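The structure under discussion appears below in the form of C-alpha cells.
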Amino acid sequence: MKILFYNPAPSQRRYTPFEALRGSPFFRRPNYDAMRLAYLSRKHQFTYCDEHIEGVGDNVPDIVVIHTPLNLARHVENLVVQKWDEETKTICYGSFPSLFPKQSKEFCSSAVVGDIAAVWNNILADCKKHKIASVYKADKNTQFDVDRRLESKYGFTPFFSQIRTAYGCQCTEENKDYCYENILYENPSQWSIDKVTETISKLQRKAVYVLDDDFMYDIERGMRILEKCWRYKKMWIFQTTGAIFRNPEFFPILRDDGVRVIYLKEDWLGHDLIHNLDNPDYVKEKEHQVNMIHNYRITVGCKIRLGYEGERHNFYHQLLKFLVKLRIDVIELAVQTPLPGTRTYRKHAAKKQIVEDFSLYDQWMPVVNTPGMAPQALYSMMEWLRDRFYSWDSIMLRNIIVSPKLGFYNTVFFYLIPNLSYRSNFLEKVGYPP
1 MKILFYNPAP
11 SQRRYTPFEA
21 LRGSPFFRRP
31 NYDAMRLAYL
41 SRKHQFTYCD
51 EHIEGVGDNV
61 PDIVVIHTPL
71 NLARHVENLV
81 VQKWDEETKT
91 ICYGSFPSLF
101 PKQSKEFCSS
111 AVVGDIAAVW
121 NNILADCKKH
131 KIASVYKADK
141 NTQFDVDRRL
151 ESKYGFTPFF
161 SQIRTAYGCQ
171 CTEENKDYCY
181 ENILYENPSQ
191 WSIDKVTETI
201 SKLQRKAVYV
211 LDDDFMYDIE
221 RGMRILEKCW
231 RYKKMWIFQT
241 TGAIFRNPEF
251 FPILRDDGVR
261 VIYLKEDWLG
271 HDLIHNLDNP
281 DYVKEKEHQV
291 NMIHNYRITV
301 GCKIRLGYEG
311 ERHNFYHQLL
321 KFLVKLRIDV
331 IELAVQTPLP
341 GTRTYRKHAA
351 KKQIVEDFSL
361 YDQWMPVVNT
371 PGMAPQALYS
381 MMEWLRDRFY
391 SWDSIMLRNI
401 IVSPKLGFYN
411 TVFFYLIPNL
421 SYRSNFLEKV
431 GYPP
C-alpha cells in the first residue's frame with residue numbers, strides 16, 4: 001500500500017515555494033511518530049511530507065496519516081477536504097483526536113485515541129480488508145524502533161539525532177493538566193537498557209536529543225544508560241525535573257558521560273514566582289543549583305510557564321533580572337494552557353475564564369483570562385521577556401559570565417548556537433521549536 005505521513009505546521013512556519021525555510025534549522029527535525037510508523041511499514045511504500053520544509057506532492061496514497069494537535073485541527077480539516085477524496089483513508093492522531101474522537105470523525109476516516117504506533121498494525125490489516133474502524137484506541141504496546149532515514153531529509157537539522165527511551169507523563173502532580181504525554185500515553189513504558197544501548201551504538205551523529213518527558217525520572221536507569229553508552233562518545237541533551245538536585249554526586253558522572261545540555265522542567269522554578277522572587281533563600285538556592293551544573297561544563301536550559309493570577313508588568317522586569325542573575329543559558333517560555341477535560345481546565349471554565357478556540361492552544365497565545373492582566377497585555381509582556389533575554393547584549397553578557405565554566409567547545413556549540421537559534425526563531429516570529 002501507498003502510505004503518506006503528513007506533518008502539518010502553523011501558518012508562520014509553513015513552507016512557501018521560492019522562499020527560504022522559516023526558522024532556525026537547529027530545531028527542525030522529523031516527526032518522531034513518522035519514524036516509528038516508517039519502521040513498522042517497511043513492506044509498504046511509505047512517504048513522509050512535512051509542511052515545515054515542503055508542500056504536498058501529487059501522489060495519490062491509499063492511506064494518509066495526519067498528526068493533528070489541538071491548534072491545527074481546523075487546518076487539518078481543511079486539508080483533508082481539499083487534498084484527498086473519499087477513496088483515500090485519512091487517519092488522524094494526536095492530542096485533538098485523543099480528546100475529541102467524535103469531532104475528528106467528522107472530517108477523517110478514522111481517529112486514533114492515544115499512541116498511533118500501538119494500533120498501526122491493526123490499521124494496516126483493516127485497510128487491506130477495506131473495513132477500517134472509525135476509532136482506534138491504543139493499547140499498552142509501545143513501539144520504540146524507528147527508521148532513521150527520515151532524519152537525513154533536506155531541511156532537517158544535521159546536528160543531532162532523536163531518541164525515545166520512555167513514553168508517558170512523569171510530571172509532578174500540579175503539572176499533569178498541561179502535559180500532552182498524559183493524554184497520548186496513559187500507561188508509561190520504558191525501553192530496555194540493552195536496546196537503547198544498541199540503538200545509540202548505530203547512530204552516526206555525535207549529538208543525541210532525548211525526547212523523554214523526564215529522562216532522569218528513574219535516575220538509576222538514566223545513569224545506567226549513559227554509562228553503558230560512554231564508549232560511543234555521544235553528546236547528550238535531555239530534560240528532567242528539579243529532583244535531579246537531590247543527587248549531586250551524579251553530576252561528575254554526567255559530565256564524564258557526555259551530557260552537554262540539561263533542560264529543567266517547569267516544576268523547578270514552580271508556579272509561585274510572584275512570591276518566590278522576593279524570597280532571598282529561594283534565589284540563593286536556585287543560584288547554587290545552576291552553578292552546580294555549570295561547574296561540570298553543562299549548559300542549563302529552563303522551561304517556564306507563565307500567565308498566572310497576580311502577574312503584572314513589574315513582575316516580568318523582576319523575572320528577567322532574576323534569570324540573568326541566575327546565569328540561565330536558554331529559556332523556553334509557555335503560557336498556561338490546561339488541556340480540555342482536566343481539573344484545571346474545568347476550574348477555569350466554571351469561572352468563564354477559558355478560551356475554547358483550540359486554534360489558540362499553541363502554548364504561546366493566552367487562553368486563560370486571569371484577573372489583573374488582559375490577554376493582549378500578557379502576550380506583549382511575554383514577548384518583551386523573550387526578546388530581552390535573547391537580545392544581542394543579553395546573549396553576550398551571559399556568554400562572558402558562563403564561558404569560563406563551559407569551556408570554548410561547549411560555549412560555541414551548546415551555548416551560542418542554541419541562543420542564536422532561539423533568537424532567529426523569535427525574530428522571524430515562527431514560535432517555539434520544533
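Under the UniProt record's numbering, the first residue of the sequence shown is numbered 1, with each subsequent residue one higher. Every residue gets a Cβ at the ideal spot worked out from N, C-alpha and C, and that includes glycine. Computed from a predicted structure; not experimentally measured.
Original post:
What did DSSP end up calling Asn425 once you bin it into helix, strand or coil?
Top reply: Here residue 425 refers to the residue found at position 425 when the sequence shown is read from its first residue. Note: Asn425 maps to helix in three-state DSSP.
**OP:** Would you kindly work out how many angstroms separate the C-alpha atoms of Phe250 and Glu173, rounded to a whole number?
**Re:** To locate residue 250, count along the sequence shown from 1; it is residue 250. To locate residue 173, count along the sequence shown from 1; it is residue 173. Rounded to whole angstroms, Phe250 to Glu173 spans 25 Å at the Cα level.
Original post:
Residue range of the beta strand (DSSP E) that His288 falls in?
Top reply: As a working note, residue 288 is residue 288 in the sequence shown. Careful: His288 lies outside any beta strand (DSSP E), inside the alpha helix (DSSP H) at Pro280 to His294.
Original post:
Is DSSP giving Asn7 helix, strand or coil here?
Top reply: Counted from its first residue, the sequence shown places residue 7 at position 7. Residue state, collapsed to three classes: strand.
**OP:** Please classify Met365: does DSSP put it in a helix, a strand, or coil?
**Re:** Position 365 of the sequence shown holds residue 365. DSSP places Met365 in coil when its eight states are reduced to three.
**OP:** Would you give the residue range spanned by the alpha helix (DSSP H) that Thr199 belongs to?
**Re:** Looking up residue 199 in the sequence shown gives position 199. Looking at the DSSP string, the run of the alpha helix (DSSP H) that includes Thr199 is Ile193 to Lys202.
Original post:
What does DSSP give as the partner residues of Val112 in its beta bridges?
Top reply: Against the sequence shown, residue 112 aligns to sequence position 112. Looking at the DSSP assignment, Val112 forms a beta bridge with Tyr136.
Subject >> Nearest to Phe414 (by Cα), restricted to the options Ile298, Asp139, Val81 and Lys195 >> reply: Taking the sequence shown and counting its residues from 1, one reaches residue 414 at position 414. Closest option to Phe414, Cα to Cα, is Ile298.
Original post:
To the nearest angstrom, how far is it from the Cα of Glu311 to the Cα of Lys347?
Top reply: Within the sequence shown, residue 311 is the residue found at index 311, counting from 1. Within the sequence shown, residue 347 is the residue found at index 347, counting from 1. Each residue's Cα considered, the two are about 19 Å apart.
Subject >> alpha helix (DSSP H) segment containing Lys347, residue limits >> reply: Against the sequence shown, residue 347 aligns to sequence position 347. Counting along the chain, the alpha helix (DSSP H) containing Lys347 begins and ends at Arg343 to Ala350.
**OP:** Let me know the secondary structure DSSP gives Met235 once reduced to three states.
**Re:** To locate residue 235, count along the sequence shown from 1; it is residue 235. Looking at Met235 - three-state DSSP - the assignment turns out to be strand.
Original post:
Going along the chain, which unbroken runs of the beta strand (DSSP E) with 3 or more residues stay wholly within the region 362-406?
Top reply: none
**OP:** Compare the beta carbon distance of Pro61 and Ile3 with 8 Å and say whether it is the shorter of the two.
**Re:** On the sequence shown, residue 61 is found 61 positions in, with the first residue counted as 1. On the sequence shown, residue 3 is found 3 positions in, with the first residue counted as 1. Yes, the Cβ-Cβ distance between Pro61 and Ile3 is below 8 Å.
Original post:
Should Asn295 be counted as a contact of the ligand PLP given a C-beta to heavy atom distance under 7 Å?
Top reply: The ligand PLP is not among the ligands present in this structure, which contains no ligands whatsoever.
Subject >> For Lys89, the residue or residues it bridges with in DSSP >> reply: Here residue 89 is taken as the residue at index 89 of the sequence shown, counted from 1. Answer by DSSP bridge pairing, in chain order: Ile63.
Subject >> C-alpha distance - Leu320 paired with Arg398, whole-angstrom precision >> reply: As a working mapping, residue 320 is identified with position 320 in the sequence shown. As a working mapping, residue 398 is identified with position 398 in the sequence shown. Cα to Cα, the separation comes out at about 12 Å.
**OP:** Taking all protein chains shown into account, decide if Ala125 is buried (16 or more other Cβ within 10 angstroms of its Cβ) or exposed.
**Re:** As a first step, residue 125 is located in the sequence shown; it is residue number 125 there, counting from the start. By the neighbour-count rule (16 or more Cβ atoms within 10 Å), Ala125 is not buried but exposed.
Subject >> Close beta carbons around His52, own chain, < 8 Å, minus the five adjacent residues each side >> reply: For the purposes of this step, residue 52 is taken as residue 52 along the sequence shown, with counting starting at 1. Cβ within range, chain order: Asn7, Ala9, Arg13, Arg14, Tyr15, Leu21, Arg22, Gly23, Arg28 and Gly155.
Original post:
Closest to Thr337 by CA distance: which of Tyr361, Leu184 and Thr157 is it?
Top reply: Looking up residue 337 in the sequence shown gives position 337. Measuring from the Cα of Thr337, the nearest candidate turns out to be Tyr361.
Subject >> Cβ-Cβ distance between Ile402 and Arg327 below 8 Å >> reply: Within the sequence shown, numbered from 1, the residue matching residue 402 stands at position 402. Within the sequence shown, numbered from 1, the residue matching residue 327 stands at position 327. Residue identity differs from the one stated: residue 402 is Val in this sequence, not Ile. Result yes, Cβ atoms of Val402 and Arg327 sit closer than 8 Å.
Original post:
Anyone know if the C-beta pair for Ala166 and Ser189 falls short of 8 Å?
Top reply: Position 166 of the sequence shown, counted from the first residue, corresponds to residue 166. Position 189 of the sequence shown, counted from the first residue, corresponds to residue 189. Contact: yes.
Subject >> CB-CB length for Ile237 against Arg260, believed under 8 Å >> reply: Position 237 of the sequence shown, counted from the start, is the residue given in the question as residue 237. Position 260 of the sequence shown, counted from the start, is the residue given in the question as residue 260. Correct: roughly 6 Å between the Cβ atoms.
Original post:
Between the beta-carbon of Thr90 and the beta-carbon of Val80, is there less than 8 Å?
Top reply: Counting from 1 along the sequence shown, the entry for residue 90 is found at position 90. Counting from 1 along the sequence shown, the entry for residue 80 is found at position 80. Closer than 8 Å, so yes.
**OP:** Can you grab the Cα-Cα spacing for the pair Gly168 / Asp213, in whole Å?
**Re:** Start at 1 with the first residue of the sequence shown, and residue 168 comes out as number 168. Start at 1 with the first residue of the sequence shown, and residue 213 comes out as number 213. Looking at the two C-alpha atoms, the distance is approximately 7 Å.
Original post:
So Ile163 packs on Ser95, CB below 8 Å; how close in whole Å?
Top reply: For this step, residue 163 is matched to residue 163 along the sequence shown. For this step, residue 95 is matched to residue 95 along the sequence shown. Going by Cβ atoms, the distance from Ile163 to Ser95 rounds to 22 Å, so no, they are not a contact pair.
Original post:
Nearest to Gln143 by CA position, among Asp278, Asn175, Val196 and Asn59, is which residue?
Top reply: The residue you call residue 143 lines up with position 143 of the sequence shown. When only C-alpha atoms are compared, the closest one is Val196.
**OP:** List the endpoints of the continuous alpha helix (DSSP H) containing Cys302.
**Re:** Position 302 of the sequence shown, counting from 1, holds the residue named residue 302. Cys302 -> not in any alpha helix (DSSP H); beta strand (DSSP E) instead, spanning Thr299 to Leu306.
Original post:
Any contact of the region 380-389 with the region 341-360, i.e. 3+ C-beta pairs under 8 Å?
Top reply: no
Original post:
What number of angstroms, rounded off, separates the C-alpha of Ser134 from the C-alpha of Ala118?
Top reply: Reading the sequence shown from its first residue, position 134 is the one you call residue 134. Reading the sequence shown from its first residue, position 118 is the one you call residue 118. Going from the Cα of Ser134 to the Cα of Ala118 covers about 16 Å.
**OP:** Report yes if the C-beta distance between Arg148 and Met35 is below 8 Å; otherwise report no.
**Re:** Counting from one through the sequence shown, the residue named residue 148 turns up at place 148. Counting from one through the sequence shown, the residue named residue 35 turns up at place 35. For Arg148 and Met35, yes; Cβs fall inside 8 Å.
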